[in-house]
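Read through the structure below, which is laid out as structure tokens, and then see the notes.
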Amino acid sequence: MGGRLQLAEQHAHVLQQTVTRTQDELLGYSRYTSYLTLGKQTLAEHTKLLTATVVREEGVTEVIERSLLGFASSGTVAIWYTAEYPFGYDLQPGQFDLRATADGLEVRLKKPRLVTSPAVRDLRYKILAGGVLTDEKVAVIQLYAKAAQEAAGKGQALAADPAVVALCEKRLVEFLREFLRQQPGVRNVPHIRVVYTD
């Protein structure tokens, strides 16, 4: 009888260890919810790190016409430049929400936007056709001055481009997933979905 009792106690002890190990393992799969508030704070603090930069080559061609004393003349100039468009989300407190849902995590926020003026660099030009009365170099200087304004306008339009939105989502989800994965006791981070409120 004593042998059976001892065997039953050993069996109960093994079962208890199995239950505890399984419980700890399962807890690791849902532990990420303990860190959602900290995750929101971390997102707000790392806004600059979550900026997605799109680099594009842009170009403008302009025909210059001038007439003097009945004589007409025209010339054509083209400029090219590299524009860097920084896109990101407004991650200030109160502007987004991070919550657990039945099928994972959900980040609710406004669509990405141009976070600062685009950088215009590597300006180049070519006079495609010169005119007798036209001053193409003055036109080039004017086009250079307009390049930053044009880049800002194109940046606003690019913010709605599906590829830019997808790039921003990818950066946000990767950052959040990596942050949660590094927290103590977290074994698995579920699917993270981005939902736009505008």
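Just add 12 to the spot in the sequence shown (first one is 1) and you have our numbering. We put the beta carbon where it would ideally sit given N, CA and C, even for glycine. This structure is a prediction, so every number in the text was calculated from the model and none was measured.
By the Cβ criterion, the segment 118–133 is in contact with the segment 171–191, since at least three pairs of Cβ atoms, one from each stretch, lie closer than 8 angstroms.
With a cut-off of 8 angstroms on Cβ pairs, the segment 83–95 is in contact with the segment 146–163, counting three or more such pairs.
The DSSP-derived three-state label of L17 is helix. G167 carries a helical assignment under DSSP once its states are collapsed to helix, strand and coil. When DSSP states are grouped into helix, strand and coil, Y101 belongs to the coil group. In the three-state DSSP reduction, V201 falls in the coil class, being neither helix nor strand. Take the alpha-carbon of R193 and the one of V72: they are about 47 angstroms apart. Beta-bridge partners assigned by DSSP to L117: A112, I204. 7 angstroms or more divides the Cβ of V207 from the Cβ of R136. For A159, the three-state secondary structure derived from DSSP is helix. For A178, no beta strand (DSSP E) encloses it; the enclosing alpha helix (DSSP H) starts and ends at 174–193.
According to the DSSP assignment, L140 belongs to the beta strand (DSSP E) that extends over 131–141. E96 and T65 do touch by the CB rule: their CB atoms are close to 6 angstroms apart, below 8 angstroms.
Approximately 17 angstroms separates the beta-carbon atoms of V132 and A171; this is outside 8 angstroms, ruling out the contact. Between G165 and the set L117, H25, R183, T128, the nearest pair of CA atoms involves T128. Residue burial annotation: L19 is exposed, with fewer than 16 other C-beta atoms found within 10 angstroms of its C-beta. Listed in chain order, the non-local C-beta contacts of L184 below 7 angstroms within the same chain comprise L62, Y101, V119, V206, local neighbours out to five positions each way being set aside. For V152, the secondary structure class from DSSP, reduced to helix, strand or coil, is helix.
Ranked by Cα distance from T54, the options R199, Q195, T209, V201 are led by Q195. Under the criterion of beta carbons closer than 8 angstroms, E69 and L155 do not qualify as touching, at roughly 15 angstroms. In this structure, the beta-carbon distance from P130 to A163 falls below 7 angstroms.
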